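Undergrad: UniProt numbering numbers the first residue of the sequence shown as 1 and each following residue consecutively.
Positions of the beta carbon are idealized from the N, C-alpha and C atoms, including for glycine.
It should be emphasised that the depicted structure is a prediction, and the values quoted were computed from it without experimental measurement.
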Amino acid sequence: MDSGVRPEKLYFSGVWTLLVSIGLAWLLGLFLSFNPLPAQSSWLLSLSVVQRYLIDILIILALIIAVGGNALWLRAVAWLLGTLGLFGFYVQYQSVRYSGDLFPEVALENVEHVAMIDNQHMVIGGLALAVYLVFSLICVTQCKRSWSLDRRLILSVLILLVAVLVRNDHKWLPADIVTQRSALLNSTKYRHYAASPLGDLTHVLWHHVRLQHSDAPPVAESLRLNARLSEFVRKHNLHWGKEDPNYPLVHLTETSDSDGLSSQPFPQPPNLIVIHAEGLSARTIQPYSNRFPGISPNIAAFASESILIDYYFNHTFATYRGLSGQQCSLYPTNRTEPSTGYRCLPHILNDSGYQSTLLFSQRKDDTELDEMASRIGFQKSLAYDELNTPFEDDLARRFSVTHMSDLELFLALNRELKQRESTSNQPFYLSLYSFETHTGNRLLDPEFKYRPSETSDQHYILDTIHAFDAAFGQFWTAFKQSSLRDNTIVILTSDHAHFPDNDYRALWQKQDRYSPVFMDRIPLLIYSPFHTQTGKFTIRRSSSLDFAPTVLHLLGINRYMSTFLGHSLFDPKPRMRPLTMSNNDAWYAARGLPSQLTDAEPNPNYRSMQLFIKQTQALELNNRLWPTHTNK
């Protein structure tokens, strides 16, 4: 007997009602794109969120309709689009949460998108997505048009719950992120619905693919320099094609103590410890600045016994290119095959009898740092998996924490040093990369808050820097009490400057002369029991491109083959001006305040630098940096 209302009609009526409601909201959002109201308006923020996620919501709802059709291809397409929409939101949510911005292309370049998805904050979302994928796929492949109302309702509820999640994410994000996102959405670049998570993700992936396949010139072309670049190479004491025409960057470096570095004789090859603090700008710490008094007393004490290099800028970003670029003295693309040949600082130290190891605090499954370490010459990498032994039996911590705190990492370094102190006569190179000062990270241990009574939204940044200083301090105290202090050089620096997100920008005032770009002075502090130059060195044309040759100069390795673009900081030869590059072809120069270069840059020297760096990257993409059959 007919009850009067067929379930299918009721179902589709509800769907169309919801579609019409969202469509009206979209039209209002479209109107506001051309007539933006103040970003503080809460209802405008809500409409901006609806506008932002409209395409994804429509895709999800289209799936509800499509699964009732008879055509399998229609169901499959709808399921695929719905899946992409949900995945786009899934990634985007974490991107906004971490970066305070829309999906940054630097995150994809830096392989951070994996960590954005794979972390404890998204476990529940991941389970919901898995249920959605399985259940909707079953419906796409098996359900007929007459499938039962309860199945329709279950699928509808699942999908609409995800839509609610998307719609209300602004309630769970910091207010400044929502405000910034609204401003971006109402700007020319992000108008209408083109800035949906799926749209952003597609744009970034396409940009990545385009870089992969279109940037590398033919091999023959990449091996030649025109007259302009040949003059640039000569002027800046660079090398091209003198040793091996097939590998133009290969050259012999020779330095001596007379180049400006005075050293006592080494009784034996000195050990080397290099500490790369994540995203640490010199302007945030003593002794470089007193903007935040008392934030880094241990680093300041370390500096009093060290060589301090000032006006030292990061030459690339983010972490993967920052670390590999310093170790290899290149502007790396980070888009190469594992078989690509490199000649980096660890390779040269290995050939000189050193044992090289990289320590970092993340899980190896959540990062590609161990693969990068192997590619640039480290013999071994130790991470959360090997170093976090005191917590291996804590199941709750094992599944809820993705990285060690800086204190835990430095304690692990102390254990590693104690073991080497008692068991090994081989010189070692230990490089440590700490993570707690990363953009968006909060303290794992609230004991180290910078100012416990401070409640400002941005203060967590200073907390992490203060915690890093405390962790470094306990390492430095233990180190000075060990026998290693008499035969070990310790260097403190950073992988790159702090990412200029909203919270970090809010820390600075006009008189601080801060330029919100991803280029800034970074620390370089060198403790050496052998060298007499303790004090401050201002080297105005220096960048982290000079890191590797400087380290080798300090170690007394004065003759070696490499592909380095930089020079030792203690070498008086002319060097390139500080220039920072990202993989999406953004360039920044340090002249006064660091600023981004434009296509209309009037200084021909910077244009020559850009062209030359592109030429070196073409060599990397063509595997013409270093012949892989030799380590000499």
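Around the C-beta of R181, are 16 or more other C-beta atoms found within 10 angstroms, so that it is buried, or is it exposed?
TA: As a working mapping, residue 181 is identified with position 181 in the sequence shown. Because the pLDDT at R181 is just 47, under 50, the model does not fix this residue reliably, and the point stays unresolved.
Undergrad: On the criterion of 16 or more Cβ atoms from any shown chain inside 10 Å, does G279 qualify as buried, or is it exposed?
TA: What you label residue 279 is simply residue 279 of the sequence shown in a count that begins at 1. Looking at its Cβ environment, which holds 16 or more other Cβ atoms inside 10 Å, G279 is buried.
Undergrad: Going by the beta-carbon positions, is the gap between P346 and S256 smaller than 9 angstroms?
TA: One-based indexing of the sequence shown puts residue 346 at position 346. One-based indexing of the sequence shown puts residue 256 at position 256. At least 9 angstroms separates the beta-carbon of P346 from that of S256.
Undergrad: For a test of the three-state rule: what should DSSP assign to Y450, helix, strand or coil?
TA: Counted from its first residue, the sequence shown places residue 450 at position 450. DSSP places Y450 in coil when its eight states are reduced to three.
Undergrad: Determine the DSSP secondary structure at H553, reduced to helix, strand or coil.
TA: The residue you call residue 553 lines up with position 553 of the sequence shown. H553: helix per DSSP, three-state reduction.
Undergrad: Which partner residues does F360 have in the DSSP bridge list?
TA: Within the sequence shown, residue 360 is the residue found at index 360, counting from 1. F360 is bridged to Y433.
Undergrad: Specify the secondary structure class of M561 as computed by DSSP and reduced to three states.
TA: For the purposes of this step, residue 561 is taken as residue 561 along the sequence shown, with counting starting at 1. In the structure shown, M561 sits in a strand (DSSP, three-state: E or B).
Undergrad: Taking the alpha-carbon positions, what's the Q379 to P338 distance?
TA: Within the sequence shown, the letter at position 379 stands for residue 379. Within the sequence shown, the letter at position 338 stands for residue 338. The alpha-carbon atoms of Q379 and P338 are separated by roughly 15 angstroms.
Undergrad: Please return the same chain residues whose Cβ sits closer than 7 angstroms to the Cβ of S281, not counting the five positions on each side in sequence.
TA: Residue mapping note: residue 281 aligns to position 281 of the sequence shown, counting from 1. These residues qualify, in order along the chain: A497, H498, D520, R521 and I522.
Undergrad: Of the residues T532, A301, E221 and S434, which one's Cα is nearest the Cα of Q264?
TA: Taking the sequence shown and counting its residues from 1, the one referred to as residue 264 is at position 264. Nearest of T532, A301, E221 and S434 to Q264, Cα basis: T532.
Undergrad: Which same chain residues end up closer than 8 angstroms to E620 when comparing Cβ atoms and leaving out the 5 residues on each side of it in sequence?
TA: As a working mapping, residue 620 is identified with position 620 in the sequence shown. Hits under 8 angstroms: L330, P332, T333, T336 and T340.
Undergrad: Keeping to the same chain, check which residues put their C-beta closer than 6 angstroms to that of F530; ignore five residues upstream and five downstream.
TA: In the sequence shown, residue 530 corresponds to position 530, counting from 1. Cβ neighbours of F530 beyond the five flanking positions: S263 and Q264.
Undergrad: In chain order, what residues of the same chain have a beta carbon less than 6 angstroms from the beta carbon of K449, not counting five sequence neighbours either side?
TA: As a first step, residue 449 must be located in the sequence shown, where it is residue number 449. Hits under 6 angstroms: D463.
Undergrad: Express the C-alpha separation of G556 and F266 in angstroms, rounding to a whole number.
TA: Residue 266 sits at position 266 when you count from the first residue of the sequence shown. Residue 556 sits at position 556 when you count from the first residue of the sequence shown. Their backbone Cα atoms lie some 8 angstroms apart in a straight line.
Undergrad: Taking the DSSP output, what are the residues bridged to S543?
TA: Indexing the sequence shown from 1 puts residue 543 at position 543. The partner list for S543 (beta bridge, DSSP) reads F313.
Undergrad: If we count the other Cβ atoms within 10 Å of its Cβ and call it buried at 16 or more, is E231 buried or exposed?
TA: Mapped onto the sequence shown, residue 231 falls at position 231. Exposed, since its Cβ has fewer than 16 Cβ neighbours within 10 Å.
Undergrad: Using a Cβ-based criterion (distance less than 8 angstroms to any ligand heavy atom), does R451 qualify as near the ligand GDP?
TA: In terms of ligand content, the structure shown is empty, and the ligand GDP therefore cannot be addressed.
Undergrad: Please classify D512 as buried or exposed, where buried requires at least 16 neighbouring CB atoms within 10 angstroms.
TA: On the sequence shown, position 512 is the one that residue 512 refers to. Exposed, because fewer than 16 other Cβ atoms sit within 10 Å of the Cβ of D512.
Undergrad: Tell me, please, whether the segment 501-511 touches the segment 601-610 by the rule of three or more beta-carbon pairs shorter than 8 angstroms.
TA: no
Undergrad: Which residues in the same chain have their Cβ closer than 8 angstroms to the Cβ of R363, if we skip the five residues on either side of it in sequence?
TA: Your numbering for residue 363 matches position 363 in the sequence shown. The answer, listed in chain order, is A383, Y384, D385, T402 and H403.
Undergrad: Taking G461 as the reference, which of G473, T437 and F475 has the closest Cα?
TA: Here residue 461 refers to the residue found at position 461 when the sequence shown is read from its first residue. It is Ile, not Gly, that sits at residue 461 in the sequence shown. Cα-wise, what sits closest to I461 is T437.
Undergrad: Would the beta-carbon of P270 fall within 9 angstroms of that of S528?
TA: In the sequence shown, residue 270 corresponds to position 270, counting from 1. In the sequence shown, residue 528 corresponds to position 528, counting from 1. Between P270 and S528, the CB-CB gap stays under 9 angstroms.
Undergrad: Would you grab the beta carbon distance between L252 and E243 for me? Rounded to a whole angstrom, and I think it's under 8 angstroms.
TA: For the purposes of this step, residue 252 is identified with residue 252 of the sequence shown, where counting begins at 1. For the purposes of this step, residue 243 is identified with residue 243 of the sequence shown, where counting begins at 1. Yes, they are in contact, since the Cβ atoms of L252 and E243 sit about 7 angstroms apart, within 8 angstroms.
Undergrad: On the DSSP bridge list, what partners appear for T253?
TA: The sequence position of residue 253 within the sequence shown is 253, counting from 1. Partner(s): Y560.
Undergrad: Relative to the alpha-carbon of S544, which residue among F313, A471 and T538 has its alpha-carbon at the smallest distance?
TA: For the purposes of this step, residue 544 is identified with residue 544 of the sequence shown, where counting begins at 1. Taking only the C-alpha atoms, the option nearest S544 is F313.
Undergrad: If contacts are defined as beta-carbon pairs under 8 angstroms, then I526 and I491 qualify, I think. What distance do you get, rounded to the angstrom?
TA: Locating residue 526 in the sequence shown gives position 526, where the first residue counts as 1. Locating residue 491 in the sequence shown gives position 491, where the first residue counts as 1. So it is a contact: roughly 5 angstroms between Cβ atoms.
Undergrad: Which class does W587 belong to by DSSP, given the choice of helix, strand or coil?
TA: As a first step, residue 587 must be located in the sequence shown, where it is residue number 587. Here W587 sits in strand by DSSP.
Undergrad: If you draw a straight line from the alpha carbon of D503 to that of A318, how long is it in whole angstroms?
TA: Sequence index remark: in the sequence shown, residue 503 carries index 503 (1-based). Sequence index remark: in the sequence shown, residue 318 carries index 318 (1-based). If you draw a straight line from the Cα of D503 to the Cα of A318, it comes to about 18 angstroms.
Undergrad: Would A412 pass as a contact of L359 if the rule is Cβ separation under 9 angstroms?
TA: Within the sequence shown, residue 412 is the residue found at index 412, counting from 1. Within the sequence shown, residue 359 is the residue found at index 359, counting from 1. Yes, the Cβ-Cβ distance between A412 and L359 is below 9 angstroms.
Undergrad: Is H276 near Q355, with beta carbons less than 9 angstroms apart?
TA: Within the sequence shown, the letter at position 276 stands for residue 276. Within the sequence shown, the letter at position 355 stands for residue 355. Not closer than 9 angstroms, so no.
Undergrad: With a threshold of 16 other CB atoms inside 10 Å of the CB of D486, please say whether the residue is buried or exposed.
TA: Indexing the sequence shown from 1 puts residue 486 at position 486. Looking at its Cβ environment, which holds fewer than 16 other Cβ atoms inside 10 Å, D486 is exposed.
Undergrad: Any idea if D501 is buried or exposed, counting beta-carbon neighbours within 10 angstroms, 16 or more meaning buried?
TA: As a working mapping, residue 501 is identified with position 501 in the sequence shown. Classification of D501: buried, given that the 10 Å Cβ count is 16 or more.
Undergrad: Taking only three categories from DSSP, how would you classify K614?
TA: The residue you call residue 614 lines up with position 614 of the sequence shown. The answer is helix: DSSP assigns K614 an H, G or I state.
Undergrad: By DSSP, does V517 sit in helix, in strand, or in coil?
TA: Locating residue 517 in the sequence shown gives position 517, counting from the first residue. V517 sits in coil when the DSSP states are folded into three classes, being neither helix nor strand.
Undergrad: Taking the beta carbon of W476 as the centre, do at least 16 other beta carbons fall within 10 Å, making it buried, or is it exposed?
TA: By 1-based counting over the sequence shown, the position of residue 476 is 476. Buried, since its Cβ has 16 or more Cβ neighbours within 10 Å.
Undergrad: Taking the alpha-carbon of residue 656 as reference, which of L409, Y514 and S324 has the nearest alpha-carbon?
TA: For the chain, the structure presents residues 1 to 632; residue 656 sits outside this window and is missing.
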